[in-house]
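Participant: Before anything else, here's the structure in question.
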Amino acid sequence: MTNGTLPVKRQRTGGGLAEPESTDDARTRDEQLRRQLLMSLIFPSMLMPMMSTMSRVALPVIRDTFEIPEDVTAWVSAAFTLTFMTMMSVYGRLGDVIDRKKLLLFGITVFFCGTSVTLTADSMPQLILGQMIAGLGVAGMMPLGMALISSFFPARDRGRALGTWATVGPATGFVGSFIAGFLVAGWGWKGAYVTSWALSLFAVIAVWKGIPSNPPARDESRPIRSFDWGGVVLLAAGLACFVCYLSSRAITGVPSLEDWRFLTASVVMLTTFVLRERRHPDPFVAPQLLFNLRFAQSSFCAATRMICMGGLSILIPLYLTDIHGLHPAQLGAMLVINSGSMALIVRIGGGLADRWTSRGLVSVGILIQAIVLMIFSRLPGSSSLLVVGLSLGLHGFGAGLMHAALHRYVMDSVPKERAGAAAGVYNMFRFLGGVIGTSLGGVFLRQYLEDGVPTIGAYQQSFFIFVFIGLVGSVMATQLREKRQLATGGGR
């Protein structure tokens, strides 16, 4: 696989002899190819945030159309993220031994099929199935993109490149939320998925034309046959059972957080997975990665960031609909504020990540999230939309500030030859946090409503629970240490 070194071209001299490019020409060409790579990754990187942000606007309409409770409504987002996160590490691991361009094209095709199923759905099971297939396909966009950037960009430019690339998500959310409001208002909940379906066609063209192939030196079928598929199944099933335990009502009818069969199965499968990986000759997740302290710390911080974001992603659309009576177009406009704020700060955060330590950026970013959640837990039902909008903007600022810093920190903690696997596992843990936050947000809200708590009180108490999660993440972030700090005794 490529190690980031771009091929050297030779130029014709007047006598017809081939001469290597000059250093300046080679450097210019390399920079052009890197820019082309970065631009070509934009379209596939838009698929996941486009689907998730536009789906958020549709959640209140889906809830009312199918007449389902809040914890079941959360499964619309959770189903997509569940397959998305469990397959991330598979794509990342395969990306270390198989042409990443082929994997990107395969994933986009699967996403297109899943979105097609969603658009034709007339029942909740079919809708959830379509979301699961779409998540299965789009899972590779992030780890493969991170690995490609980490491989082709030198260390001095990597933070800025990752920051630029990471801006795509919030920027897409900014546009997606706004467009989704009008589409849902005009065509119902299915309107939220049309744009993602069309975007996947452009993504295929962008990847096909703009991303260089990096075929491995050996037959690609060999790593597929020898791949640790048993480990994949154990990990995916263990995580799926854990999510089902968090929100079991929609599956078994048992109240959420009370079906111990799912929790027991999850513990057994995940324990078996760890034991298997320690003995397997070519493990799906290398034991060194599982016990890499820097990798574990940054993954935990990323997960807490996403738990807070996941909780807001399910609670805010329902809150604005139930408490403030917003229609889909108005709801989409309000959700733009969070994504827009994040889009504005992410690239700046990427530049800061190259100059400052990740510890400060991540700790402050998660603390800001906790403060915003505290604000929402205290807002009365009569609060103005201006206050709500400012709070959403502040949350976007905090979430965006640490985004690239986390990416750079985790990729710097592993050797380059394991970049794909590390990116996949890191993003899996990151979005596991998103699934947990989304599921718990729906579960807590539904439980408070069933207990007879007034609607505004149910929302306030649900927001308050996530404050503690944010505070834990902020404290953990203070323990992050850069390599240069470790080399000098922790920066003393």
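Going letter by letter, the sequence shown gives residues 138 to 629 in this note's numbering. A virtual CB, placed ideally from N, CA and C, is assigned to each residue, including glycine.
Nearest by alpha-carbon distance to residue 295: which of 209, 491, 579, 411 is it?
Facilitator: For residue 295, the nearest C-alpha among the options comes from 491.
Participant: Classify residue 521: buried if its beta carbon has 16 or more other beta carbons within 10 angstroms, exposed otherwise.
Facilitator: The residue is exposed, with fewer than 16 neighbouring Cβ atoms inside 10 Å.
Participant: Excluding the five sequence neighbours on either side, which residues of its own chain have a C-beta within less than 6 angstroms of the C-beta of residue 572, listed in chain order?
Facilitator: The residues are 215, 218, 219, 380.
Participant: Based on Cα-Cα distance, which residue from 580, 569, 425 lies nearest to residue 377?
Facilitator: Checked all of 580, 569, 425; the closest Cα to residue 377 is 569.
Participant: Could you pull out every residue in the same chain whose Cβ sits closer than 6 angstroms to the Cβ of residue 586, ignoring the five residues on either side in sequence?
Facilitator: 595, listed in sequence order.
Participant: Reducing DSSP to helix, strand and coil, say where residue 429 ends up.
Facilitator: If DSSP states are grouped into helix, strand and coil, residue 429 belongs with coil.
Participant: Sort 467, 406, 273, 253 by Cα distance to residue 241 and report the nearest one.
Facilitator: Per the Cα distances, 273.
Participant: Alpha carbon to alpha carbon, how far is residue 262 from residue 202? Give it in angstroms, no decimals.
Facilitator: Spanning the two alpha carbons is a distance of roughly 14 angstroms.
Participant: Would you mind working out which of 172, 408, 187 sits nearest residue 89, comparing C-alpha positions?
Facilitator: The question about residue 89 has no answer, for the chain in this structure spans 138 to 629.
Participant: Mark residue 431 as exposed unless 16 or more other C-beta atoms lie within 10 angstroms of its C-beta, in which case mark it buried.
Facilitator: Counting Cβ neighbours within 10 Å, residue 431 comes out buried, since at least 16 surround it.
Participant: Inspect the beta-carbon positions of residue 514 and residue 600 and report whether they are closer than 7 angstroms.
Facilitator: Yes, the Cβ-Cβ distance between residue 514 and residue 600 is below 7 angstroms.
Participant: Comparing alpha-carbon positions, which option in 347, 428, 558 lies nearest residue 177?
Facilitator: Closest option to residue 177, Cα to Cα, is 347.
Participant: Determine the extent of the alpha helix (DSSP H) in which residue 314 is found, giving its start and end residues.
Facilitator: It spans 305 to 324 - the alpha helix (DSSP H) in which residue 314 sits, taken as one unbroken run.
Participant: Report the start-end ranges of each alpha helix (DSSP H) in the segment 519 to 577 that is 4 residues or longer and not cut off at the edges.
Facilitator: List check, alpha helix (DSSP H) in window: 522 to 538, 540 to 549.
Participant: How about residue 451 and residue 292: do their beta carbons lie closer than 7 angstroms?
Facilitator: Not closer than 7 angstroms, so no.
Participant: Can you give the Cα-Cα distance for residue 398 and residue 607, rounded to whole angstroms?
Facilitator: Their backbone Cα atoms lie some 29 angstroms apart in a straight line.
Participant: Could you tell me which uninterrupted alpha helix (DSSP H) segments, each at least 4 residues in length, are contained entirely in the segment 458 to 532, listed from first to last along the chain?
Facilitator: Entirely contained in the segment 458 to 532, the alpha helix (DSSP H) runs reaching 4 residues are, in chain order, 465 to 492, 495 to 515.
Participant: Compare the C-alpha of residue 496 against each of 339, 542, 461 and name the closest.
Facilitator: Measuring from the Cα of residue 496, the nearest candidate turns out to be 542.
Participant: Note down the Cα distance separating residue 232 from residue 408, rounded to an integer number of angstroms.
Facilitator: Near 26 angstroms, if we compare the C-alpha coordinates of residue 408 and residue 232.
Participant: For residue 428, does the count of other Cβ atoms within 10 angstroms reach 16, so buried, or fall short, so exposed?
Facilitator: Its Cβ having fewer than 16 others within 10 Å, residue 428 is exposed.
Participant: Please name the residue in 186, 180, 519, 424 whose C-alpha comes closest to that of residue 480.
Facilitator: Residue 480 has its Cα closest to that of 186, out of 186, 180, 519, 424.
Participant: Return the chain-ordered ranges of every alpha helix (DSSP H) run that is complete within the segment 352 to 418 and spans a minimum of 4 residues.
Facilitator: DSSP runs (the alpha helix (DSSP H)) wholly in the segment 352 to 418: 358 to 362, 366 to 383, 386 to 389, 397 to 416.
Participant: With distances taken from CA atoms, which of 368, 386, 588 is nearest residue 420?
Facilitator: Minimum Cα distance to residue 420 is reached at 368.
Participant: Identify which residue in 252, 516, 486 has its Cα closest to the Cα of residue 330.
Facilitator: It is 252 whose Cα lies nearest to the Cα of residue 330.
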